[in-house]
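One structure is given below, encoded as structure tokens.
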Amino acid sequence: MRDVTSAKLLRNHSQTSARLPPRGLPGLDPAWSRLVRVPDADGVDRAWHLLDNGAPADHGTVLCVHGNPTWSYLWRRLLADAPPGWRVVAPDQLGMGWSERTAPRTLAQRVTDLGRLTDALGITGPVVTLGHDWGGAISLGWAATHQALLRGVVLTNTAVHQPEGTYGPVLIRLTRVPGLRDLVCVRTPAFVWAASGLSRPRLNAEVRAGFAAPYATAASRAAVGDFVADIPFDADHPSREPLEEIAQATGQLHVPVLLLWGPRDPVFGEAHLDDLRRRLPQALLHRYERAAHLVTEDAPEYAEAIAGWLADLDTLPSAGPTARADVRPSLLHARLAARAEDHAPAIVEVGRPPVSWDLFDRRVREIAAGLAAVGVGPGRRVALLVPPSLELTVAVHAVWRAGAVVVLADRGLGLGGMGRALRGASIHHVIATGPGLAAARAMRLPGSRIVAGTLVGSLRRVLGAQHTLADLARLGRDGPAPCGPVVDDECAVVFTSGATGPAKGVVYRHRQVEAQLALIRATYELRDDDRIVAAFAPFSLLGPALGVGSAVPDMDVTSPGTLTAGALADAVAAIEASVVFASPASLRSVLATEPALSPTQRSALSRVRLLMSAGAPVSAELLRSVRAVLPAAEAHTPYGMTEVLPVTDISLPQIEAAGAGDGVCVGNPLPGVQVRVSPLSVSGAADQPLTAAPGTAGEVCVRAAHVKQTYDALWATQRASARDLGWHRTGDVGHLDRQGRLWIEGRLQHVLTTPAGVVTPVGVEQRVEALAEVGSAAVVGIGPAGTQQPVVVVVPVAPAPRTAPRVAATPLADRVRAAAQVPLAAVLVARELPVDIRHASKVDRTVVAAWAERTLAGSR
Amino acid sequence: MRVLVTGASGMLGRETARALLARGDEVTVLQRRPGGIGCPEVLGDVADAAVVGRAVVGQDAVVHLAAKVDVVGRWPEFLRANVIGTRTVATACRSAGVQRLVHVSSPAVAHDGQPLVGVGAEPADPAAARGHYARSKALAEQQALGADSPDLAVVAIRPHLVWGPGDTQLVEPIVARARAGRLPVIGSGAALIDTTYIDNAVAALVAAIDAEPAVHGEALVVSNGEPRPVREVLDRLCRAAGVRGPRVRVPVPVARAAAVAIERAWTLLDRRDTPPLTPFLVEQLSTAHWFDQRHTRQVLAWAPHVSLDEGFDRLARWFATTVTTPCSRSAGQRTRGSRTAALPAVPGENLHSANATSHDTLDSC
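Protein sequence lines correspond, in order, to chains Y and R.
Residue 554 in this note's numbering sits at position 554 of the first sequence; the count goes up by one each step and never skips.
Residue 1045 in this note's numbering sits at position 45 of the second sequence; the count goes up by one each step and never skips.
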């Protein structure tokens, strides 16, 4: 059913010929533009406008196909930053951009048109196709019919199939109404402007005008309406069959594939991405979490990602699935299984009856069998929206035993951040408490729902829960035990704090978690008769896997400041704990409530042999003060991050022995862990070869058996973090000393690039904080990279009157400058420093830098 | 080497001439009044082609500092002294076969009022420049760089806020005002500004004379490369003089309103003396302006050899050993006594003047 209005219009301008784009469009080099005359699918000569970087195609050609209603302008950044040896050709489709206006064209015609064009251009391969929006389907059509030339496929926010239950967004659906489509797409530029309006963050006006430039008149927009009319929503649409053929053929493409995706797209959503991933299982995926439909605008770094991927095509032997997986069974449950007959307490929640090892093991096995029976098995991802508790610990171990993957995102991300994280993790199931299920609905999470705990039937139905863990336990009681995961199965996806941009999913395999647990046991000399108190969320889960009994104090584990000395003592007494794991924030609140301890409580605490504090930098002073509460405990603090923990460990005596230096001494790498640094160049980039040379500052790189497998759905991030084969780049900057100890000097992104060279912040901050009058300090650079000026913001011990930073009085500035030992442009005073949400202890230097920059620009 | 220095009566011109003499160059100076430097002097106006033509004959290099530096005055005066003067000097250099012209310009030629944060030397922009002085200097720089040619290598040096012992344009008025308890901080006083200690500015000009022939046709900002909050600069200058630093803070909108009112009054009354505050000055004292010095240092093979701290120490020693009140010093050393009343008349400017406009009244001491 074809709408006639635009066809009528077309008669008036079918001769409208191709033109060159106007000069001065931002980012567009006029030298790329040319017009060529080529016969179209029906043999009629047509004039095309195309962009061509004209580079010799030593390695090949990237054929870029735009969608509707954009034009080749979309690809300008790739043309500008084309990798060496790659020619980049980006035509405007017929009727679109600056190419000749034609009668309406079907999908099949467009695919043939494109083939005629590449023939005429003498493109002989290898070719990598790149498509966006409906250009994706056309590029795949070209790929399917030119397989001999095809070297790879890149797709961004596109589809070859409308998955069940998706009918396209309202805007597109409305445009199927004849007359309305004509009004929106042709007679007015509403659709043209709406498309560039989808960009996030908002496009600047000049670029938006650039996208709209070829579509200034109704006549020039005819093809915009035709393109929408050609979307085959209906079974009898003439383009339906060609699209299905393309979809079929896509599944037969055995070339490397890269998917670059903007999740905020109202047009092409998660269902379209899932469909493409099913058809192209070899695809590498990078989700630009903040990008919407126009990925090339919202994530300009896409060009760099494609360049890196193209480079890998020529250097890596195969971009497809890697070597055969290791099928040895996972030993993650070995310690739990070994105590299956043990009646001693495995988990104690203060105020509740203890759970013995045999009971815990049986419960885990039952639920695992029940989960397996309802399809929760290897490769399936399970989001857990359960507060840290016995239920969570049971659920995690049951999911593992069933061979599935736990997906954990911190509540500190907020509902929005958590939703983005979990939607991006392609989860299949959600295990949640009642509030968790409500949150899952609010976050629009996919996957079947399983209730943890109890929930009345009506509420269960409302929240769409199919099972409860109790049901599954009953179901699994008599069922066969799942066959269990192997070491190369995925085990967990854990999200980072998101302190520096959207949270990243970190994928662990069983082999890596096994290695991590073994290292923790060895580092803290944990034996089966040790018992721990875990006042720190991740470790409250790991007791059973570590093979030691554990107790969780009466506190909100996600809110470390709620731990009192009494609650800690009661937990220690309940399980006769020998080891305490606690975050520095909870230790501070323990210290604050220490006077209220009873003699019995003190006596319980005096039997703790080891204190491990992690989660944020821990000061020696804090560890020393804790002796008042835990007099016999040797205080340790590890260094590590979500991607690899622990890397090093240091005890209080070792901290004291290390003394002052440039940065924070975090100790020697643990056995089996290698640490190198990638030295910084003057630009602040860590781009020098890895070295262990003492005193050389650079990005800290770690090699160990327990380093993450990969980042999830972040191909480009993973590639950058693992660009030294076998090493993980941490994003921290530091140096090794002559004793092999690692000193952390700050985050790579906080390194100052001054004309005199790079400056790392932590050492300077420590020297300034050594002044009696200074409570805390942050060192930041202001001004353009390479010519930055160092600035210190200090929080005096005596409260400053205002939060807004101001210039320090000259005598204070003199003392700070003398202490800093680097030239400072300014010393500012503030009442407090902004800290991260998750740990409330890491100074957010990015915010401080923005403060300083604004303050020192002067008052307007 | 034979070098002509125009405008050697200001601090920077005088010190540059002395530095060149000290290293054995044959120096001639050109200015309107005798400077007493101890070298051949040509007296006259830089806009006078005959005078300039006579002075450049036989010179290897010319350092052109002569300019009208002021915040008030009529456009024709700026045009003549700065634009026509520079064109006259450049033309004379080309006719006389001078090989190197070092034109002393100002960062103000490329400042449209926005904060300048770590920028290089943007092209001079007369249309956007603020006020007669900056506009005339922008045109002058274009004249100078326009004369760059295979036979005459021209480089424009833009020293930023030059100060030092004996400085009558920046240090003296600030100290005088502070002593009178009338030195305010405008706004937060946090605007980060670059300054240049006199010896470093002199060394940069000498380096520009000696620069490789490949260095030509461009403008270079020169500073100490140690920006400081404006309040700290004022405070340290005052401390060096043994005076208490600024205590009064005036919010920017108040200062701006006052400055506009003062400017209107001056225009209405046709006053020729320097007003205590102008909108341009308010803007300069409340917005950041500091510069990327990497390119300058590389092409001039120059780096400041006196740090700010050392400079403040030297200034303090100078104050300690000099019998001072500003008025006790010979007015002859100063081209314009009215400067005493002003805050830094034109931040962004070096301290040179050969035109010695008429208002020699001493008002405020």
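Just so you know, even glycine gets a beta-carbon here, dropped at the ideal spot from N, CA and C.
Using 8 Å as the threshold, is the C-beta distance between residue i and residue j below it?
i, j, result
"F536/Y", "F581/Y", "yes"
"L107/Y", "L276/Y", "no"
"T593/Y", "A565/Y", "yes"
"V1052/R", "T1028/R", "no"
"A144/Y", "I246/Y", "yes"
"A1047/R", "K1068/R", "no"
"W1302/R", "A1191/R", "no"
"E1129/R", "A1138/R", "Residue identity check: residue 1129/R is Ala in the sequence provided, not Glu. It is a contact, given that the beta carbons lie within the stated cut-off."
"P638/Y", "P646/Y", "yes"
"H1305/R", "V1222/R", "no"
"P266/Y", "L198/Y", "yes"
Can you tell me whether DSSP reads residue i as helix, strand or coil?
i, result
"I123/Y", "coil"
"N668/Y", "strand"
"S678/Y", "strand"
"R34/Y", "strand"
"A1178/R", "helix"
"P811/Y", "helix"
"R1339/R", "Residue confidence for R1339/R is low, a pLDDT of 37 falling below 50, so the modelled location carries little weight; the figure read from the coordinates is stated next. DSSP places R1339/R in helix when its eight states are reduced to three."
"D712/Y", "coil"
"W261/Y", "strand"
"I1157/R", "strand"
"I347/Y", "strand"
"L445/Y", "coil"
"T106/Y", "coil"
"G1038/R", "coil"
"T593/Y", "coil"
Tell me whether residue i is buried or exposed, calling it buried when 16 or more other Cβ atoms sit within 10 Å of its Cβ.
i, result
"N204/Y", "exposed"
"W1075/R", "exposed"
"V1243/R", "buried"
"T1287/R", "buried"
"S1330/R", "Only weak support exists for where S1330/R lies, its pLDDT of 41 falling under 50; the value from the coordinates is given anyway. Exposed."
"G1010/R", "buried"
"F1078/R", "buried"
"D530/Y", "buried"
"V456/Y", "exposed"
"C483/Y", "exposed"
"F539/Y", "buried"
"T1335/R", "Below a pLDDT of 50, predicted positions are generally treated as unreliable, and T1335/R, at 39, falls in that range; no measurement from the model is reported."
Could you work out which residues of chain R lie near residue i, taking near to mean beta carbons separated by less than 9 Å?
i, result
"G663/Y", "Correct list: empty, because the minimum Cβ distance to chain R is about 26 Å."
"S859/Y", "I1186, G1187, S1188, G1189, A1190, A1191, P1251, V1252, S1286, T1287"
Please list, in chain order, the chain R residues whose beta carbon lies closer than 8 Å to that of residue i.
i, result
"Q789/Y", "G1118, L1192, P1227, W1290"
"A452/Y", "None at all; the shortest Cβ gap to chain R is about 54 Å."
"V793/Y", "Result: empty, since nearest Cβ-Cβ is about 12 Å, beyond 8 Å."
Could you tell me which residues DSSP pairs with residue i in its beta bridges?
i, result
"I1186/R", "V1250/R"
"I782/Y", "Q789/Y"
"L541/Y", "In DSSP, L541/Y forms no bridge with anything."
"H286/Y", "L260/Y, L714/Y"
"V89/Y", "D52/Y, L63/Y"
"L1030/R", "T1006/R, V1042/R"
Which chain R residues are close to residue i, counting only those with a beta carbon under 7 Å from its beta carbon?
i, result
"G783/Y", "V1117, G1118"
"T124/Y", "Correct list: empty, because the minimum Cβ distance to chain R is about 46 Å."
Just the chain Y side, please: which residues come within less than 8 Å of residue i by C-beta, in chain order?
i, result
"D1235/R", "T810"
"Q1293/R", "P755, T787"
"R1231/R", "V807"
"V1250/R", "Ordered by position in chain Y, no residue passes the 8 Å Cβ test against V1250/R, which lies about 11 Å from the chain."
Give the residues of chain Y in contact with residue i, contact being defined as C-beta atoms less than 7 Å apart.
i, result
"R1244/R", "Neighbours of R1244/R on chain Y: none; closest Cβ ~11 Å, over 7 Å."
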